[in-house]
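Asks:
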Amino acid sequence: AQSVTQLGSHVSVSEGALVLLRCNYSSSVPPYLFWYVQYPNQGLQLLLKYTSAATLVKGINGFEAEFKKSETSFHLTKPSAHMSDAAEYFCAVGGSYIPTFGRGTSLIVHP
Amino acid sequence: NAGVTQTPKFRVLKTGQSMTLLCAQDMNHEYMYWYRQDPGMGLRLIHYSVGEGTTAKGEVPDGYNVSRLKKQNFLLGLESAAPSQTSVYFCASSYKGPTQPQHFGDGTRLSIL
Chain G
6 AQSVTQLGSH
16 VSVSEGALVL
26 LRCNYSSSVP
36 PYLFWYVQYP
46 NQGLQLLLKY
56 TSAATLVKGI
66 NGFEAEFKKS
76 ETSFHLTKPS
86 AHMSDAAEYF
96 CAVGGSYIPT
106 FGRGTSLIVH
116 P
Chain B
516 NAGVTQTPKF
526 RVLKTGQSMT
536 LLCAQDMNHE
546 YMYWYRQDPG
556 MGLRLIHYSV
566 GEGTTAKGEV
576 PDGYNVSRLK
586 KQNFLLGLES
596 AAPSQTSVYF
606 CASSYKGPTQ
616 PQHFGDGTRL
626 SIL
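Chains G and B supply the protein sequences, listed in that same order. Per this note's numbering, the first sequence runs over residues 6 to 116. Per this note's numbering, the second sequence runs over residues 516 to 628.
1. So is Met547 of chain B in contact with chain G if we call contact Cβ pairs under 8 Å?
2. Give, in chain order, every residue of the region 560 to 587 of chain B whose Cβ lies closer than 8 Å to some Cβ of chain C.
3. I want to see whether chain G comes within less than 8 Å of Phe589 of chain B, judged by CB atoms only; does it?
4. Contact between the region 20 to 30 of chain G and the region 86 to 100 of chain G is defined here as three or more beta-carbon pairs at a separation below 8 Å; is this criterion met?
5. Which residues in the same chain as Glu93 of chain G place their Cβ atom closer than 6 Å to its Cβ, once the five residues preceding and following it in sequence are excluded?
6. Going by C-alpha distance, which of B:Ala571, B:Thr535, B:Ala517 is nearest Leu625 of chain B?
7. Can you tell me whether DSSP reads Ala615 of chain B as helix, strand or coil?
8. Mind checking whether the beta-carbon of Glu71 of chain G lies closer than 7 Å to any heavy atom of the ligand ZN?
9. Under three-state DSSP, which class holds Met534 of chain B?
10. For chain B, is any of its Cβ atoms less than 8 Å away from the one on Thr56 of chain G?
11. In chain order, what residues of the region 590 to 615 of chain B put their CB closer than 7 Å to some CB of chain G?
12. Could you confirm whether any beta carbon from chain B is found closer than 8 Å to the beta carbon of Gly100 of chain G?
13. Do Tyr546 of chain B and Arg559 of chain B come within 8 Å of each other at the CB atom, strictly closer than that value?
14. If you draw a straight line from the C-alpha of Asn66 of chain G to the C-alpha of Gly531 of chain B, how long is it?
15. Per DSSP, Arg526 of chain B forms a beta bridge with which residues?
16. Do Ser564 of chain B and Phe644 of chain B have their beta-carbon atoms positioned less than 8 Å apart in this structure?
17. Relative to the alpha-carbon of Gln600 of chain B, which residue among B:Thr570, B:Gln617, B:Gln540, B:Arg526 has its alpha-carbon at the smallest distance?
18. Which residues share a DSSP beta bridge with Gly592 of chain B?
Okay, here's the thing in structure tokens:
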């Protein structure tokens, strides 16, 4: 079995501030982890993926995520938020089962 | 390269009407998925397919049927639409299974009156 928990349905930051979106997972097999971004009225786009090659994964638009097995976490970060980062972010876990998505975190960026 | 294309983009139905949502992918992907997205609920899997001619139930299959007669197409049917099926529907595909990232369409916004 597998599941994903995203802490915080909304995260609000100021432009230029650090972005931290939290994701914890559970999986009975070594997980494959994904972060997706969804802009208004669009489908989901892949930001980055963890496939066991490296624990720190770099994605598009300056985002990165670190896989921590001991904490079963895969938090998404970006050093400096931009207005264009405002969107919905989804964490997902795969592996042996069809990928399971978290409920999403809406990132709000204030000028 | 179109990726994943969903038709129609918007539709309004009356309770009891039927309709079919079409998903087409041009990436030769084996796996295809149908999700619904509702506020605060994230994405919930309706049905999926692991290859041409196969289908399987997801988390919320009731009231929906699917078919995958051709590898590139995955159809989602509502036989008798209900207001509870008002949602945004997303189709996705992946090259292989759960270890691969998914490619999503832009969604179909469906309202049932």
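Ideal Cβ positions, reconstructed from N, Cα and C, are used throughout, including at glycine. On a predicted model such as this, the values are computed, not experimentally measured, just so you know.
Replies: Reading from the atomic positions:
1. no
2. In the structure shown, chain C cannot be found, because the protein chains are G and B.
3. no
4. yes
5. Gln43, Gly109, Ser111
6. B:Thr535
7. A small fix is needed here, since residue 615 of chain B is Gln in this sequence, not Ala. Residue state, collapsed to three classes: coil.
8. Among the components modelled here there is no ligand, and therefore nothing to report on the ligand ZN.
9. strand
10. yes
11. Phe605, Pro613, Thr614
12. yes
13. no
14. 45 Å
15. B:Leu625
16. Only positions 516 to 628 of chain B appear in this structure, which leaves residue 644 of chain B out of reach.
17. B:Arg526
18. B:Thr535, B:Asn580
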